[in-house]
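Student:
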Amino acid sequence: MRQISRLLAAAAAFLIAAGTASAGTLEDLISEYRCPLIEKLEKTHMAYRAVAGRDRFLSVSVPEHPHGYVQCLFHDGNRQLHCEAASGYFSAQQYRLPADRVAALGRLGFATGVSDANYGIDFDMPLNPDFDRLARLLLTALHDGYGARAATRLRINAPFVPSAAPACAPVS
C-alpha cells in the first residue's frame, strides 16, 4: 500500500511538472510573439500620416479568455500612446479579473483603481520609440493578467497594417 501511495505521489508530481512546463514561461511567449507585435506597432505608428488619426490602434486578444485583451491607440500627432488592459467592465458577461491578476497589471503601470473602465496606461512617444520595450510590456500584461502562453493563438488586430512576415531579430 505504501509503495502504491509513493507511486501515485510521484505520478502526480510528474503530471504537475509536465503541466507547468507545457504552460510555458513569459520568455516563451515573448519569443513567439515579440517580432510580429513590434512590426504591427511600428507600422501602426507610421500610418498616422496616411490615415489622419482614424483607426490607428492595435489590439491583442487572448481568445480563450472571457475578455482578455490589451489595446493601444496612437494620438496627438503621434506624440502620445494610450494603452488599456481589459477590466471586464465592458464585457457582456461582466467577468472581473481576480485580484492577483489586477495587482499584476498594476505592477506593470496600468491604473487599476477604476471600477467603470479598462485599466489604462499612457506614454509620451519619443522620436524613436522603443517598440521592443512596448511589445514586451503588452505581452507581459497578457501573460500575467490573462494567462497567455506561447501556445496561445493570440489575435493581433491592426487595421492599417497588412500581414507580412516580421523582420525583427529573434530573442536569444
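Okay, so the sequence shown: first residue is 1 according to my numbering, each after it adds one. Yeah, the Cβ is synthetic: ideal placement off N, Cα and C, and Gly gets one too. Keep in mind that this is a model prediction, so the values were computed, not measured.
#1: Can you tell which of ARG34, ALA99 and HIS45 has the C-alpha that lies nearest to the C-alpha of THR112?
#2: Taking the alpha helix (DSSP H) that HIS143 belongs to, which residues open and close that run?
#3: So is SER91 buried or exposed if we call it buried at 16+ other beta carbons inside 10 Å?
#4: When DSSP builds the beta bridges, which residues end up paired with HIS82?
#5: Compare the C-alpha of GLU64 against each of ILE156, ASN157 and THR152 and name the closest.
#6: Tell me which same chain residues have a C-beta within less than 7 Å of the C-beta of ASN78, skipping the five on either side of it?
#7: Where ARG155 and PHE57 are concerned, what is the direct C-alpha to C-alpha distance, given to the nearest angstrom?
#8: Using DSSP bridges, identify the partner residues of ALA151.
#9: Does the Cβ-Cβ distance between TYR119 and LEU139 come in under 7 Å?
#10: When the Cα of GLN94 is compared with those of PRO66, LEU108 and SER59, which residue comes out closest?
#11: Which same chain residues, not among the five before or five after ALA158, have their C-beta less than 6 Å away from its C-beta?
#12: Mapping the DSSP letters down to three states, classify ALA111 as helix, strand or coil.
#13: Between which residues of its own chain and TYR146 is the CB-CB distance below 7 Å, once the five residues before and five after are set aside?
#14: For ALA10, which of helix, strand or coil comes out of DSSP?
#15: Taking the alpha-carbon of ILE38 as reference, which of VAL60, GLY24, GLY109 and ASP116 has the nearest alpha-carbon?
#16: Pull up the CB-CB distance for CYS83 and VAL70, whole angstroms please, since I reckon it's below 8 Å.
Tutor: This is what the structure holds:
#1: Counted from its first residue, the sequence shown places residue 112 at position 112. Checking every option, the nearest Cα to that of THR112 belongs to ALA99.
#2: Here residue 143 refers to the residue found at position 143 when the sequence shown is read from its first residue. Counting along the chain, the alpha helix (DSSP H) containing HIS143 begins and ends at 131–146.
#3: Locating residue 91 in the sequence shown gives position 91, counting from the first residue. Its Cβ having fewer than 16 others within 10 Å, SER91 is exposed.
#4: Stepping through the sequence shown from its first residue, residue 82 is reached at position 82. According to DSSP, which records beta bridges pairwise, HIS82 is partnered with LEU73 and ASP122.
#5: As a first step, residue 64 must be located in the sequence shown, where it is residue number 64. Per the Cα distances, THR152.
#6: Counted from its first residue, the sequence shown places residue 78 at position 78. Counting only Cβ-Cβ distances below 7 Å, and skipping sequence neighbours, we find HIS45, TYR48 and MET125.
#7: As a position in the sequence shown, residue 155 is number 155, starting the count at 1. As a position in the sequence shown, residue 57 is number 57, starting the count at 1. If I take the Cα positions, the gap works out to 14 Å.
#8: Here the question's residue 151 lines up with position 151 in the sequence shown. Note: ALA151 sits in no beta bridge, so no partner.
#9: For the purposes of this step, residue 119 is taken as residue 119 along the sequence shown, with counting starting at 1. For the purposes of this step, residue 139 is taken as residue 139 along the sequence shown, with counting starting at 1. Result no, Cβ atoms of TYR119 and LEU139 do not sit closer than 7 Å.
#10: Indexing the sequence shown from 1 puts residue 94 at position 94. Comparing Cα positions, the closest option is PRO66.
#11: By one-based count along the sequence shown, residue 158 stands at place 158. Once the five neighbours on either side are set aside, the close Cβ partners of ALA158 are LYS40, THR44 and LEU58.
#12: Here residue 111 is taken as the residue at index 111 of the sequence shown, counted from 1. ALA111: strand per DSSP, three-state reduction.
#13: Position 146 of the sequence shown, counting from 1, holds the residue named residue 146. So the qualifying residues of the chain are VAL62, HIS65 and GLY68.
#14: Residue mapping note: residue 10 aligns to position 10 of the sequence shown, counting from 1. Unreliable positioning characterises ALA10 in this predicted model, as indicated by a pLDDT of 37, which lies under 50. The coordinate reading is nonetheless provided below. Note: ALA10 maps to helix in three-state DSSP.
#15: As a position in the sequence shown, residue 38 is number 38, starting the count at 1. Among VAL60, GLY24, GLY109 and ASP116, the Cα nearest to that of ILE38 is on VAL60.
#16: As a first step, residue 83 is located in the sequence shown; it is residue number 83 there, counting from the start. As a first step, residue 70 is located in the sequence shown; it is residue number 70 there, counting from the start. Going by Cβ atoms, the distance from CYS83 to VAL70 rounds to 6 Å, so yes, they are a contact pair.
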